[in-house]
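Using the working numbering, the first residue of the sequence shown is number 14, and each one after it goes up by one.
Glycine included, each C-beta is placed from N, C-alpha and C at the ideal position.
Since this is a predicted model, take the numbers as computed values, not measurements.
These notes concern the structure reproduced below.
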Amino acid sequence: MKATGIVRRIDDLGRVVVPKEIRRTLRLREGTPLEIFTDREGEIILKKYSPMAEMGAFAKQYAEALNQTTGLAVCITDRDQVIAVAGGKKDLLQKSISKGLEQMILNRENNTAVKEDRKFVQVAEGDKDEYTAQTIQVILSEGDAIGAVILLSREARAKMGDTEQKLAATAASFLGRQMEA
Numbered sequence: 014m015k016a017t018g019i020v021r022r023i024d025d026l027g028r029v030v031v032p033k034e035i036r037r038t039l040r041l042r043e044g045t046p047l048e049i050f051t052d053r054e055g056e057i058i059l060k061k062y063s064p065m066a067e068m069g070a071f072a073k074q075y076a077e078a079l080n081q082t083t084g085l086a087v088c089i090t091d092r093d094q095v096i097a098v099a100g101g102k103k104d105l106l107q108k109s110i111s112k113g114l115e116q117m118i119l120n121r122e123n124n125t126a127v128k129e130d131r132k133f134v135q136v137a138e139g140d141k142d143e144y145t146a147q148t149i150q151v152i153l154s155e156g157d158a159i160g161a162v163i164l165l166s167r168e169a170r171a172k173m174g175d176t177e178q179k180l181a182a183t184a185a186s187f188l189g190r191q192m193e194a
C-alpha cells in the first residue's frame, strides 16, 4: 500500500471525501461503486467494485471457447480492466482499458473496425499489439453497461463480418444475463 500524505476527517454523517486527484487517477466518478474491506491492523481498504470480476473464471472459459471456435483473439473487460484473454497477449490481463474503449462502454457503442479506421480503438492503456481488425460488443446487465466482449484479428486485410459481430453480441448478451441471474 502506498501512502499519499493526504489526511481527511470523517464528517458528522460518517462520510469521507476521496480527493479529486485520486478520483481522477483511479477513474472514480460519481456513482462508482466501491467495495469496503478491513484487515486485522484496523485498515479500511476501498476497492472499485466490479460485478464482472466475480465472473473472471467463467469469462475466461467463455473467451477460450470463442477463441477455439473462431481462431480470433478474445478479450472480455469490465468498465476498468481486461478480466479475460484468450488467443492474444496474456499480459493484457488485468490491464486498465484504454480511455477510448471506456468511452465506448459508457456510451454503449458497439464497434467493428479495421486498423486504418478512425473508429479502431486500443484495448488497453499502452498496448502496442498489432491487431488489424476488431469487433466490440458492450455487455449490458439490468440496463447498465458493465463491460465489453472484443474479438481481434492479426491477419493482414482481415475484416470482421456479420458472423463475428453476432458471435460477440451473443457472448455479450450471455454474460450480461449471467450477471442478472
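- DSSP places residue 116 in the uninterrupted alpha helix (DSSP H) bounded by 112 to 119.
- In the structure shown, the three-state DSSP call for residue 41 is coil.
- Taken in chain order, the unbroken stretches of beta strand (DSSP E) that lie wholly in the stretch 129 to 179 and span 3 residues or more are 146 to 154 and 157 to 166.
- With contacts defined as CB atoms closer than 8 Å, residue 136 and residue 172 fail to qualify as a contacting pair.
- The beta-carbon separation of residue 100 and residue 152, rounded to 19 Å, does not stay under the 8 Å limit for a contact.
- Between the alpha carbons of residue 29 and residue 50 lies a gap of roughly 15 Å.
- In the three-state DSSP reduction, residue 105 falls in the helix class (H, G or I).
- Per DSSP, the unbroken alpha helix (DSSP H) holding residue 73 starts and ends at 69 to 83.
- In the three-state reduction of the DSSP assignment, residue 35 falls in the helix class, which pools H, G and I.
- Taken through DSSP and simplified to helix, strand or coil, residue 51 comes out as strand.
- For residue 149 against residue 120, the beta-carbon gap comes to about 12 Å, at or over 8 Å, which does not count as contact.
- Three or more Cβ pairs closer than 8 Å define a contact, and the stretch 83 to 93 meets that threshold against the stretch 153 to 165.
- Between the alpha carbons of residue 27 and residue 58 lies a gap of roughly 16 Å.
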